[in-house]
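Q:
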Amino acid sequence: MLQGHQTWVFDSKPTIIASAAVGGPHEAQGPLAEDFDLLHEDFWLGQDSFEKAEKKLQEQACETAIKKANLKKVDVQFLLAGDLMNQTVPSSFAARTLGVPFLGLYGACSTSMEGLALASLLVDSRFAKNALVCVSSHNAASEKQYRYPTEYGAQKPPTAQWTVTGSGAALVADHGEGPKVTSATIGRVIDMGLSDPFNMGAAMAPAAVDTIEAHFRDLNKDPSYYDVIATGDLGRVGHRIAGDLLKKHGLNIPEEIFTDCGILIYRKDQPIVLAGGSGCACAATTTFGHFLNRMRKGEIKKLLVIATGALLSPMSYQQKESIPSVAHAVSIEL
Amino acid sequence: MEKFLWAFLIGGAICVIGQLLLDGLKLTPAHTTVTLVVTGAVLGGLGLYDPLIKFAGAGATVPISSFGNSLVKGALKEFDSTGPIGVLTGIFQITSAGISAAIIFAFMGALIFRPKG
Amino acid sequence: MSNKKKKKLTPTQLEYQAFAQAREPKRPIVLNCLKAFLVGGLICVIGQGIQMFFVTYFHFSQESAGNPTVAVLIILTVLLTGLGVFDHIAQWAGAGTIIPVTGFANTMASAAIDHRSEGYVLGVGGNMFKISGPVIVYGVFSAFVVSLVVIISRALGVM
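Residue numbers (the working numbering), protein chains in the order written: chain E, 1 to 334; chain Z, 1001 to 1117; chain H, 2001 to 2159.
#1: Label E/Glu-27 either buried or exposed according to how many other C-beta atoms from any shown protein chain fall within 10 Å of its C-beta, with 16 as the threshold for buried.
#2: In this structure, how does DSSP classify E/Gln-270 when only helix, strand and coil are distinguished?
#3: Restricting to Cα atoms, I'd like to know which of E/Glu-63, E/Ile-272, E/Asn-220 is closest to E/Gln-3.
#4: Within 9 Å of any Cβ in chain H, is that where the Cβ of Z/Thr-1061 sits?
#5: Nearest by alpha-carbon distance to E/Gly-235: which of E/Gln-270, E/Lys-248, E/Leu-274 is it?
#6: Along the chain, where does the alpha helix (DSSP H) that runs through E/Gly-176 open and close?
#7: Please give me, in chain order, every unbroken run of the alpha helix (DSSP H) with length at least 4 that falls completely inside the segment 140 to 198 of chain E.
#8: Report the rounded CA-to-CA distance for Z/Val-1034 versus H/Gly-2139, giving the unit in angstroms.
#9: Check the DSSP bridge columns for E/Ile-332 and list the partner residues they point to.
#10: Please report whether the beta-carbon of Z/Leu-1036 lies at a distance below 9 Å from any beta-carbon of chain E.
#11: Flag Z/Gly-1083 as yes if its beta-carbon sits less than 9 Å from any beta-carbon of chain E, otherwise no.
#12: If you draw a straight line from the C-alpha of Z/Phe-1055 to the C-alpha of Z/Ala-1007, how long is it?
#13: With 9 Å set as the bound, which would you pick, yes or no: does the beta-carbon of H/Gly-2082 sit closer than that to a beta-carbon of chain Z?
#14: H/Asn-2106 versus chain E: which residues are under 9 Å apart at the beta carbon?
#15: Put E/Ala-21 into one of helix, strand or coil per three-state DSSP.
#16: Within the same chain, show all residues whose beta-carbon is closer than 6 Å to that of E/Ile-300, passing over the 5 residues directly before and after it, in chain order.
#17: Taking 9 Å as the CB-CB limit, is H/Pro-2028 close to chain E?
#18: What span of residues does the alpha helix (DSSP H) with Z/Leu-1076 cover, start to end?
#19: Can you tell me where the alpha helix (DSSP H) holding H/Phe-2144 begins and where it ends?
#20: Any beta carbon from chain E within less than 9 Å of Z/Gly-1117's own beta carbon?
#21: For the alpha helix (DSSP H) that E/Ser-316 lies in, which residues bound it at each end?
#22: Report yes or no: is there a C-beta of chain Z within less than 9 Å of the C-beta of E/Asp-83?
#23: Inspect the beta-carbon positions of H/Ser-2112 and Z/Ala-1106 and report whether they are closer than 9 Å.
#24: So Z/Leu-1088 is in the beta strand (DSSP E); what residue range does that whole segment cover?
#25: Nearest CA to the CA of H/Val-2078: which residue from H/Met-2108, H/Arg-2027, H/Phe-2053, H/Phe-2054?
#26: Within this structure, are the beta carbons of E/Leu-32 and E/Leu-264 separated by less than 9 Å?
#27: In the segment 242 to 269 of chain E, which residue ranges form an unbroken alpha helix (DSSP H) of at least 4 residues, counting only runs that do not cross its ends?
#28: Taking the alpha-carbon positions, what's the Z/Leu-1043 to Z/Ser-1066 distance?
#29: Which first and last residues belong to the alpha helix (DSSP H) in which Z/Trp-1006 is found?
#30: Does any residue of chain E have a CB that is nearer than 9 Å to the CB of Z/Leu-963?
#31: If you follow the alpha helix (DSSP H) that E/Asn-220 is part of, which residue opens it and which one closes it?
#32: Beta-carbon within less than 6 Å of E/Thr-287's beta-carbon, same chain only, minus the 5 sequence neighbours each way: which residues are those?
#33: Given that a residue counts as buried once 16 or more other Cβ atoms are within 10 Å of its Cβ, and exposed if not, what is E/Asp-233?
#34: For the 8 Å Cβ check, are there 3 or more pairs between the segment 315 to 332 of chain E and the segment 201 to 213 of chain E?
#35: Classify H/Phe-2129: buried if its beta carbon has 16 or more other beta carbons within 10 angstroms, exposed otherwise.
#36: Apart from the five residues on each side of it in sequence, which residues of its chain come closer than 8 Å, Cβ to Cβ, to H/Ile-2043?
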């Protein structure tokens, strides 16, 4: 049911009956390692290219989530998946393995919440009994595509972020036990004219702010309604900018509940990660692993995740285009 | 001994110029190295780069600016001995070793190594 | 070919950019310059040493010793790149590793190694000059222009 200008309220409260998070070596060294179902020691996963390894990450996340729900692949009705690669190849090829009716998505790093919103919409509107969301990202594969070869010696500035190697999956169903998706706010594309691909946080913060404001306006709620409000991957730089921008616009989110998946997923003393985590898997693994685990234990009762995506391509940057961004918010409650 | 000192100082200074282009003007590494190569070519044409090499040794030959100088020197040397077509035939003469080595060893590297990420 | 000037920014965008810039960690320019100076200088000192080695033991002349020196530096760079060490040194050293010939060798080695998965012909062969291309193109073109200018100046009696 539509509420306000751009928010969906899911009256039937679709349930996340199972979720899974798979990660790589850097995630294994981070503070959320315990919340991953599977952690890999290297970027290869026994494959002979990074892109094939990313496909394997998605397959593992999907299969783990399906198994945890005590279901089989044939029981899953729809798969909504996306990633950062050209033509979303890892998602399509993982869908080939899973054999589930497939909807490919691209929202850059916001794809996880875009997928969760759409999956919940399918189940709530009774167009599906269940729907599986899965997104992935791979550090080496995305560096190779968006920036430089992985062994290239360029000096990254302190605003740069580290793409998470991993995949997160969540199975949404019309019955069962688990945290429930209660609403979703679909974001607009916002472009503040920034064009530095090594500073995504500052480029994406305005989109996060725009969607957050729309969410609270449409639902006529106050931020204190939630126990945790987490942005997807603004990192230390973007998160600070977003917080200040929200205050400037008069929306007060208490500091104790306002956090960012890119900041949570790595330790501050992991030097290579600079300003924090990024990539589709950042919001996905943190939400579908860490946050949902805490909800299942009853530590969090009301969660709002605002995944942010920077919609650039390697070519748009070379053609002197700026970086437009989008952010999608999904609320999950017990 | 003095040769080493000047190699260190001049080589370091050219790198500092590069760092200022990277951080100060926020140029990409590609734009920065292109700027230095073109500068080396211009200085070479003006006859100013060779004295720097005499003075600083490897401090001037190791940075990428030396590549631009060598290209100009090669072209002019061939022009002097064989005429106008020498500009084309001579450009890569001096730098041939560097470029060939880079191609050959980079390829061998790709045969042996996998990216570490 | 369109002749668009760089996009003009609206007042809101300019205001946001100033807002964001005030909250960003600044690049440590002075520290980076110091690190670049040290590492760049050190690489040149190593180069000087290698050059003197070739002159003394292999009887190269001062001029021709430059060739094997560059070759040795290139081999060392390819090794460090392949072993996954060069990019970590470079994150610290910045221009100190990019500006010497080590930077050139690294661009070729890293691109070649990364694209192995696309095969040796299209992957390695087709991508090797991905990042070093501009240096070669602009080096050759500027050398061509400079040579012409020098030749014409000499003919006109200016040089």
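Yeah, the Cβ is synthetic: ideal placement off N, Cα and C, and Gly gets one too. From a predicted model like this one, the values you see are computed outputs, not experimental measurements.
A: Reading from the atomic positions:
#1: buried
#2: coil
#3: E/Asn-220
#4: yes
#5: E/Leu-274
#6: Note, E/Gly-176: premise wrong, no alpha helix (DSSP H); not H, not E.
#7: none
#8: 7 Å
#9: E/Val-181, E/Leu-303
#10: no
#11: no
#12: 8 Å
#13: yes
#14: Glu-151, Tyr-152, Gly-153
#15: strand
#16: Asp-227, Val-228, Arg-294
#17: yes
#18: 1065 to 1082
#19: 2133 to 2155
#20: yes
#21: 314 to 318
#22: no
#23: The sequence shown places Ala at residue 2112 of chain H, not Ser. The answer is yes: Cβ separation under 9 Å.
#24: Taken as a continuous stretch (DSSP letters only), Z/Leu-1088 belongs to no beta strand (DSSP E), being part of the alpha helix (DSSP H) at 1086 to 1090.
#25: H/Met-2108
#26: yes
#27: 261 to 264
#28: 10 Å
#29: 1002 to 1023
#30: Nothing about residue 963 of chain Z can be reported from this structure: the residues present for chain Z run from 1001 to 1117 only.
#31: Taken as a continuous stretch (DSSP letters only), E/Asn-220 belongs to no alpha helix (DSSP H), as it is neither H nor E.
#32: Val-305
#33: buried
#34: yes
#35: buried
#36: Leu-2073, Gly-2096, Thr-2097, Pro-2100, Thr-2102
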